[in-house]
Amino acid sequence: MAVNIAFTSAVNKPGQDVILTAEDVWKGIVMTVRRPQDFVDYISKVDILEDTGLTMRRILHFVPGASHKAPGDKLDQNVTFIPNYKVEFIAAATGKAIMSVSKEADTEGDGEGAVYLTQAFEVAYPPGVEPGSKKAREMDNHFAKVARSNINSNIQSFRDTKAKAQAIQAC
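Letter by letter, the sequence shown follows residues 0 to 170 in numbering that gives the first Met the number 0.
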């Protein structure tokens, strides 16, 4: 059995000055895959062992004290890009994570539907952890918090990056 958790958020909310398109979000996702340590506080660095443009093999290095990792822990991942849609991260030892961007149909006729960002985890419970047990609930809650935090901080980082680019262009 496994943790199966997803969190989705609308990228643009009423009153925001900087509006992100699906293309902006996709570019941001690619940045987070290549340099995750710039976007989350629990990764210290990444070693990219192979990169074809559509697939990548990388090793994530976790910071000491990262919530669910021992100091010095590493995670070997195979990454697959499906451009303008999603990225799948597969680690043989733990399972799969997916980050995807989606766009609603243009129902208003203005050329841009609503944009959403989702992170999902499919992570096997360790041996001895039974679905519904206290340990399983703790793992579910942990990954739900990670997904929510990652999505919210990524959207803000993408927005900050776009705002900086717009400020530079205005000069």
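Virtual Cβ for every residue (Gly too), placed ideally from N, Cα, C.
Bear in mind the structure is a predicted one, so any value in this text is a computation, not a measurement.
Just measuring C-alpha positions, the residue of 119, 44, 40, 24 sitting nearest residue 33 is 44. By the Cβ-count criterion, residue 127 is exposed, with fewer than 16 other Cβ atoms from all chains shown falling within 10 Å of its own Cβ. Annotation for residue 94: no alpha helix (DSSP H) segment contains it, though the beta strand (DSSP E) segment containing it runs 94 to 102.
Within the DSSP bridge table, the entry for residue 20 names no partner. If you draw a straight line from the Cα of residue 134 to the Cα of residue 141, it comes to about 10 Å. Between the stretch 12 to 21 and the stretch 36 to 43 there are fewer than three C-beta pairs closer than 8 Å, too few to call the two in contact. Per DSSP, residue 76 is one residue of the beta strand (DSSP E) stretching across 73 to 81.
Following the DSSP letters along the chain, one finds residue 129 in no beta strand (DSSP E), marked with neither H nor E.
Residue range 1 to 9 is occupied by the beta strand (DSSP E) that includes residue 7. Taking the C-beta atoms as reference points, residue 88 is found nearer than 7 Å to residue 78.
Between residue 117 and residue 5, the CB-CB gap stays under 7 Å.
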